[in-house]
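Right, one structure below, let's go through it.
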Amino acid sequence: MIVSIFAVIALLCQLSLALDNGLARTPPMGWLSWERFRCNTDCKNDPEHCISEQLYKRQADLMVSEGYRDAGYEYVNIDDCWPAMERDKDGRLVADPERFPSGIRALSRYMHSKGLKLGIYEDFGSKTCAGYPGSEFYMQIDANTFAEWEVDSLKFDGCNSDPKDMPYGYPAMSFFLNITGHPIMFSCEWPLYEIMHKLPVSDYRTIAKTCNIWRNYVDVEDSWDSIVDIINMYGKDEGNFSAAAGPGGFNDPDMLVVGDYGLSYYQQKAQFGMWALFAAPLMMSNDLSSIGADAKALLLNKNIIAINQDPLGNQAIRLFEVPGSLSVWVKKLASGGLAIGILNVNNQGTPQKYTTAFSDLGFTNKNGYVAREAFENKLLGKYALDEKFTIYVDPTSIYIMIADPL
Ligand SMILES: *[C@@H]1O[C@H](CO)[C@@H](O)[C@H](O)[C@H]1NC(C)=O
Ligand SMILES: *[C@@H]1O[C@H](CO)[C@@H](O)[C@H](O)[C@H]1NC(C)=O
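When the letters of the sequence shown are read in order and numbered with mature numbering (1 follows the signal peptide of the UniProt record, and there is no 0), they come out as residues -18 to -1, 1 to 388.
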């Protein structure tokens, strides 16, 4: 008890802006099962795709053999539908014995032996979104269980709860995780549920002291409409939530659907590029055993990953948009340079011409800038501050430029 009181005082006294657990100093990268594999528990008929230890092991093996781990993707995250329907006699969660016969600790050790990390999922409410046992009244027991299992990350959902409890409940869970002494990256769905229930949104700086990453909008779906909808929400930046992003804490626009069914190559490029500019967690939700070569090359693009992983942790803001057409986004980089995204949501079949000058965009370095196209890392040239230049942005796609002051 005394230990707990000191820990609370230590937590309250922390001066840092973000949750101080040493994690997510840059946006976390990895793989998460939800968008692609959902709550498929039918291992009898669909053994390759059901939520089971085999699924996570198989994706982990591919993350290593296909170069994803070496490119920075490190978390392998379980989502909903992993536990048995009942807690054990001591109130502890147990993994579904048929689908996870080796148990979660064996799975986390498997990940660690491959240089990867294991993430798990629970819910702040009485039940998870899919109806499995929730953490309400069991938060400390669950935090201890996850630490004993040597789990490295927790996604804490908000179904079947009263979101009015979140400003107390999420910090409580964060505290229980902290006092296990085992570092666990904390992925929250506070403030998403406040927004969905039309409640006042908690202060993002308070959220950033509680969570390493936090969802603030609806689930991503495998469609271009979903991607554009999320991007627009981030463009509006209501409550200035972009300002809360930085080392230790990031806004989470949800998973990457690159490599799935719904987006064209150009649209996948737009999602990946925008998520990089947003300093968003890069959590792939795809089947790495059947992903196409183009999608794979995108996900492994070092230049775009470097924008995402920039140590400043700055989140791009929208400078302006022409609704239905081009919008311009800027992310500040630790080097003093800028990553500039020009997104084209227009689908009129031909690349859109865009002529501008750095001064038109509001930049002020009097010697001008040297510019590179980011996907190919291709030098474009040096431009004086007022000098016009022209680029072409593919339909429903993105152009990203890195501009370094001269
Ligand atoms: C717990 O919080 C303290 C104070 O913020 C921090 O120094 C420590 O690293 C945290 N420990 C874990 C395991 O998260
Ligand atoms: C958002 O917050 C940042 C950092 O505190 C501040 O510089 C900026 O002016 C704010 N923007 C708006 C629109 O309030």
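Quick reminder that beta carbons are idealized off the backbone N, C-alpha and C, glycines included. None of these values were measured; they are calculated from a predicted model.
Close beta carbons around M(-18), own chain, < 6 Å, minus the five adjacent residues each side: Low per-residue confidence applies at M(-18): pLDDT is 43, beneath 50, and the placement is therefore not dependable enough to give any value.
Straight-line Cα distance separating E203 from K370: Distance between the alpha carbons of K370 and E203 is about 38 Å.
Any C-beta of chain D under 8 Å from that of G231: Absent from the structure: chain D. Only one protein chain is present.
Three CB pairs or more closer than 8 Å across the segment 125 to 139 and the segment 150 to 170: Yes: at least three Cβ pairs fall under 8 Å.
P79 to N359 span [Cα, whole Å]: 49 Å
Nearest-angstrom Cβ-Cβ length linking P223 and N198, presumed shorter than 8 Å: A quick correction: the sequence has Phe, not Pro, at residue 223. Yes, F223 and N198 are in contact; Cβ-Cβ is about 6 Å, under 8 Å.
For N198, three-class secondary structure by DSSP: coil
Strand pairing of Q334, partner residues [DSSP]: V375
Length of the line joining the Cα atoms of P153 and T192: 5 Å
Unbroken beta strand (DSSP E) run spanning V352, endpoints: 351 to 355
Contacting residues, own chain, Cβ-Cβ under 8 Å from G306 (five flanking each side not counted): V327, N328
Spatial neighbours of T8 in its chain, beta-carbon cut-off 6 Å, leaving aside the 5 residues before and after: Q291
heavy atom of ligand 2 below 7 Å from N222 C-beta: yes
Presumed contact (8 Å Cβ cut-off) between D185 and R18, rounded CB distance: That pair is no contact at about 34 Å.
Three or more C-beta pairs below 8 Å linking the segment 332 to 349 and the segment 268 to 277: no
Whole-angstrom C-beta distance between L238 and F254, which should lie under 8 Å: Yes, they are in contact, since the Cβ atoms of F254 and L238 sit about 7 Å apart, within 8 Å.
L280 beta carbon less than 8 Å from that of V240: yes
Cβ-heavy atom distance, G163 to ligand 1, below 7 Å: yes
Three-state secondary structure (DSSP) of M266: strand
Complete runs of the beta strand (DSSP E) confined to the segment 78 to 152 [at least 3 residues]: 99 to 105, 135 to 139
Contact check, L294 vs A277, beta carbons under 8 Å: no
Three-way DSSP call (helix, strand, coil) for K370 in this model: coil
Cα-Cα separation, V(-16) to S15: Reliability of the predicted coordinates at V(-16) is poor, the pLDDT of 46 falling under 50, and the value obtained from them is presented with this limitation in mind. CA-CA distance, V(-16) to S15, rounds to 37 Å.
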